[in-house]
Amino acid sequence: MFATIVSDWFPVDGDTFVTKEGFIFNVFGYEHPDDRVFAFLKYIPARFKEFFHMEFLQRTWQYGATQLFRAEKLYTAQNYQGFLQTFRDRFHDFVYYCPFRKKDLISAPLTSVGKIYVPSICLRSLENLENRDDLQEDSLDFINLLSSESGIGSQNFGIHGSVALGMHTMKSDIDVVVYGAENYRTLEKTVERLVEAGVLSYQFNNRLDAARHFKGRFGKRVFMYNAIRKPEEINMKYGTFMYSPIVSVKFNCLIKGDAEAMFRPAIYEIDDYTPANEKSQLQEEQTPTYVVSMVGCYRNVARRDDRIRVSGMLERVENLKTGDCFHQVVVGTGNSEDESIWPI
Numbered sequence: 004m005f006a007t008i009v010s011d012w013f014p015v016d017g018d019t020f021v022t023k024e025g026f027i028f029n030v031f032g033y034e035h036p037d038d039r040v041f042a043f044l045k046y047i048p049a050r051f052k053e054f055f056h057m058e059f060l061q062r063t064w065q066y067g068a069t070q071l072f073r074a075e076k077l078y079t080a081q082n083y084q085g086f087l088q089t090f091r092d093r094f095h096d097f098v099y100y101c102p103f104r105k106k107d108l109i110s111a112p113l114t115s116v117g118k119i120y121v122p123s124i125c126l127r128s129l130e131n132l133e134n135r136d137d138l139q140e141d142s143l144d145f146i147n148l149l150s151s152e153s154g155i156g157s158q159n160f161g162i163h164g165s166v167a168l169g170m171h172t173m174k175s176d177i178d179v180v181v182y183g184a185e186n187y188r189t190l191e192k193t194v195e196r197l198v199e200a201g202v203l204s205y206q207f208n209n210r211l212d213a214a215r216h217f218k219g220r221f222g223k224r225v226f227m228y229n230a231i232r233k234p235e236e237i238n239m240k241y242g243t244f245m246y247s248p249i250v251s252v253k254f255n256c257l258i259k260g261d262a263e264a265m266f267r268p269a270i271y272e273i274d275d276y277t278p279a280n281e282k283s284q285l286q287e288e289q290t291p292t293y294v295v296s297m298v299g300c301y302r303n304v305a306r307r308d309d310r311i312r313v314s315g316m317l318e319r320v321e322n323l324k325t326g327d328c329f330h331q332v333v334v335g336t337g338n339s340e341d342e343s344i345w346p347i
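Each residue of the sequence shown is one higher than the one before, counting from 4 in this note's numbering.
The following block contains the structure:
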């Protein structure tokens, strides 16, 4: 279940790839240099585990003949810096100095990419697979249910996670993606209706799950669903903007627009910036227009006209083509644990 060759691949958020060393990465976002891809490391081959100084989950995964480990906490700033340092020390090709953010980022050169798993292609491969196991059958049944009940064509769905990579167990989740903002909003309403009808049920493990409504149960299976931009919704290109950090801020605000809140990065258009401390009081021209979350768990945590509490890094953003500037607050810079979005 993988894409054909790297030269045909246009990497987008939600794609997964395996490097020639055996690392498994998830693509992050939609802006990438021509010869490499920004991504976060999810699975580490057993032979490299000793190089990464962090806590790992007790369970392991199997990809072909390779035993894999995963960090206990994938998305902490401490672990990101730990990944970055190990790559600097041992696998320096995976560190890239971004001139538009003026810092090192984890990024894989395209020459290192072995196999590519695109959710939409993985779903088509699963449909054509003979002798499917119970989880694979349940995954298809679930997607078919969502498609028929929502009216969203099956070509707009994809399968992600361990099922897509063929490294699942019978206890694995069904990890679904839907392409397009409008489709995602339709799917939200469909899942809500199916929960009310008792066909599905929600499963909330924390406050953010309860805000997002993206996780639940289909029979005995846990499912989750997230959004990926359609090609026509990709409105950014690497190198268009220069990002300059200014100061860490804490504030409350009103969500003015949520049209891109379901994607990663999640983009919230905001208004009524209200600082939470003296350090966060800004000059009028520095007032942020957007809150942008690089952390997936803060996708879709609030909607238009909701209020949120934010801790993040204020950035000045300059369009290098037009010279226009605006300000935004980024959550998930990889430099601080004290960055978050909470619905009020």
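Think of the CB as a built atom: it goes at the ideal place given N, C-alpha and C, for glycine as much as any other residue.
- Contact annotation, residue 17 with residue 122: C-beta distance approximately 6 angstroms; criterion of less than 8 angstroms satisfied.
- Cα atoms of residue 57 and residue 81: separation of roughly 9 angstroms, rounded to the nearest angstrom.
- Between the stretch 184-200 and the stretch 145-165 there are three or more inter-stretch CB-CB distances shorter than 8 angstroms, so the stretches are counted as touching.
- Every alpha helix (DSSP H) of 4 residues or more that sits fully in the stretch 33-111 is shown, in chain order, as 80-93.
- Boundaries for residue 304: no beta strand (DSSP E) harbours it, and the DSSP string shows neither H nor E there.
- In the DSSP assignment, residue 19 falls within the beta strand (DSSP E) that extends over 19-22.
- In this structure, DSSP gives residue 184 a helical state, which the three-state scheme calls helix.
- Per DSSP, residue 264 is not a residue of any alpha helix (DSSP H), being assigned neither H nor E.
- For the 8 angstroms CB-CB criterion, residue 303 and residue 262 do not form a contact.
- The C-beta of residue 29 has 16 or more other C-beta atoms within 10 Å across all chains shown, which makes the residue buried.
- Counting every other CB atom within 10 Å of its CB across the protein chains shown gives residue 252 a total of 16 or more, marking it as buried.
- Counting the other CB atoms within 10 Å of its CB gives residue 65 a total below 16, which places it among the exposed residues.
- The criterion of a C-beta distance shorter than 8 angstroms is satisfied by residue 206 and residue 219.
- In the same chain as residue 340, and ignoring 5 residues on each side of it, the C-beta atoms closer than 8 angstroms to its own belong to 79, 80, 81, in chain order.
- By alpha-carbon distance to residue 144, the top candidate from 91, 117, 83, 226 is 226.
- Contact check for residue 117 against residue 23 passes: the beta carbons are separated by less than 8 angstroms.
- Rounded to the nearest angstrom, the gap between the Cα atoms of residue 249 and residue 46 is 33 angstroms.
- Sixteen is the threshold: since fewer than 16 other Cβ atoms of the shown chains lie within 10 Å of the Cβ of residue 238, the residue is exposed.
- A distance below 7 angstroms between beta-carbons, with the five flanking residues on each side excluded, links residue 34 to the following residues of its chain, in chain order: 239, 240, 241.
- In the DSSP annotation of this structure, the continuous segment of the beta strand (DSSP E) that includes residue 331 starts and ends at 328-334.
- By alpha-carbon distance to residue 67, the top candidate from 21, 95, 283 is 21.
- Within the stretch 168-230, the complete beta strand (DSSP E) segments at least 3 residues long are 177-182, 218-221, listed from N- to C-terminus.
- Residue 48 and residue 131 have their C-alpha atoms some 29 angstroms from each other.
- Following the DSSP letters along the chain, one finds residue 145 inside the alpha helix (DSSP H) bounded by residues 137-153.
- One Cα belongs to residue 323, the other to residue 246, and the distance between them is close to 10 angstroms.
- Just so you know, the alpha carbons of residue 296 and residue 104 end up roughly 16 angstroms apart.
- Of 41, 50, 275, 229, the smallest CA-CA separation from residue 93 is found for 50.
- Listed in chain order, the non-local C-beta contacts of residue 233 below 6 angstroms within the same chain comprise 182, 183, local neighbours out to five positions each way being set aside.
- In this structure, residue 256 sits away from residue 344, with a CB-CB distance that is not shorter than 8 angstroms.
- For the pair residue 97 and residue 111, the CB atoms are nearer than the 8 angstroms cut-off.
- The C-beta separation of residue 230 from residue 265 comes to about 4 angstroms, placing the pair in contact by the 8 angstroms criterion.
- Residues 276, 330 of the same chain have their beta carbon placed closer than 8 angstroms to that of residue 290, with the five preceding and five following residues left out of the count.
- In the structure shown, the three-state DSSP call for residue 272 is strand.
- Residue 244 is positioned such that its CB atom lies closer than 8 angstroms to that of residue 321.
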